[in-house]
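Step one of this worksheet: look at the structure below.
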Amino acid sequence: TVSFHDDSDEDLLNV
Amino acid sequence: DQATDPSIPEENWECIQRFCEQVNAATEGPSLAPRLLAHKIQSPQEMEALHALTVLETCVNNCGQRFHNEIAKFRFLNELIKVLSPKYYGTWSSEKVKLRITEVLFSWTVWFPQEVKIRDAYQMLKKQGIVKE
Numbered sequence: 001t002v003s004f005h006d007d008s009d010e011d012l013l014n015v
Numbered sequence: 016d017q018a019t020d021p022s023i024p025e026e027n028w029e030c031i032q033r034f035c036e037q038v039n040a041a042t043e044g045p046s047l048a049p050r051l052l053a054h055k056i057q058s059p060q061e062m063e064a065l066h067a068l069t070v071l072e073t074c075v076n077n078c079g080q081r082f083h084n085e086i087a088k089f090r091f092l093n094e095l096i097k098v099l100s101p102k103y104y105g106t107w108s109s110e111k112v113k114l115r116i117t118e119v120l121f122s123w124t125v126w127f128p129q130e131v132k133i134r135d136a137y138q139m140l141k142k143q144g145i146v147k148e
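Protein chains in written order, with the numbering used here: chain A, 1 to 15; chain B, 16 to 148.
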């Protein structure tokens, strides 16, 4: 389950 | 699906509010809802995308910190950027939807100045000439 403070993320898309 | 029904031009506010309540009630609500909304915002049907943006804006104001944290991540912002960018869906997305997304992103840079990822995403769009003024 997603922990309350889930700060996983990905990089900004380069366009 | 009801809140973003493309065959109904008016906003179904009762339905949008029910969706926000569901997001707040479900433990996975705040992490799942942005993904559902991103999918609808990327819809080729203009009306469905516009409705989804209205639901998004309503949720940002009603669905608490966890939902807010999710939409302020690149994981979500990238999905909006894909609709604007010619390298992704920008060429076939409607101008109306792209303008609305730009307005939403700009409003977030103003209302949530502490969210550096939103600011970075918006500045990148300006630098790439995808967002003009």
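Where is the CB? At the ideal position from N, CA and C, for every residue including glycine.
(message) Distance cutoff 7 angstroms, beta carbons only. Does Lys141 (chain B) sit that close to anything in chain A?
(response) Translated into positions along the second sequence, residue 141 (chain B) becomes position 126. No, its Cβ sits nowhere closer than 7 angstroms to a Cβ of chain A.
(message) Contact between the segment 30 to 39 of chain B and the segment 54 to 64 of chain B is defined here as three or more beta-carbon pairs at a separation below 8 angstroms; is this criterion met?
(response) Below 8 angstroms, too few C-beta pairs join the segment 30 to 39 of chain B and the segment 54 to 64 of chain B to call them touching: fewer than three.
(request) Specify whether the segment 45 to 57 of chain B and the segment 85 to 101 of chain B touch according to this definition: at least 3 beta carbon pairs, one from each stretch, less than 8 angstroms apart. (result) Yes, they touch.
(request) Determine the DSSP secondary structure at Ala18 (chain B), reduced to helix, strand or coil. (result) To locate residue 18 (chain B), count along the second sequence from 1; it is residue 3. DSSP places Ala18 (chain B) in coil when its eight states are reduced to three.
(request) Have a look at B:Leu71, B:Trp123, B:Ile56, B:Thr117 and flag the residue whose alpha-carbon is nearest the alpha-carbon of Ile31 (chain B). (result) For the purposes of this step, residue 31 (chain B) is taken as residue 16 along the second sequence, with counting starting at 1. Measuring C-alpha to C-alpha distances from Ile31 (chain B) to each of B:Leu71, B:Trp123, B:Ile56, B:Thr117 identifies B:Leu71 as the nearest.
(request) Kindly indicate if chain A contains any beta-carbon less than 7 angstroms away from that of Lys88 (chain B). (result) Counted from its first residue, the second sequence places residue 88 (chain B) at position 73. True, the Cβ-Cβ gap to chain A drops below 7 angstroms.
(message) Run through chain A and tell me which residues come within less than 9 angstroms of Asp135 (chain B), C-beta to C-beta.
(response) Sequence index remark: in the second sequence, residue 135 (chain B) carries index 120 (1-based). Leu12, listed in chain order.
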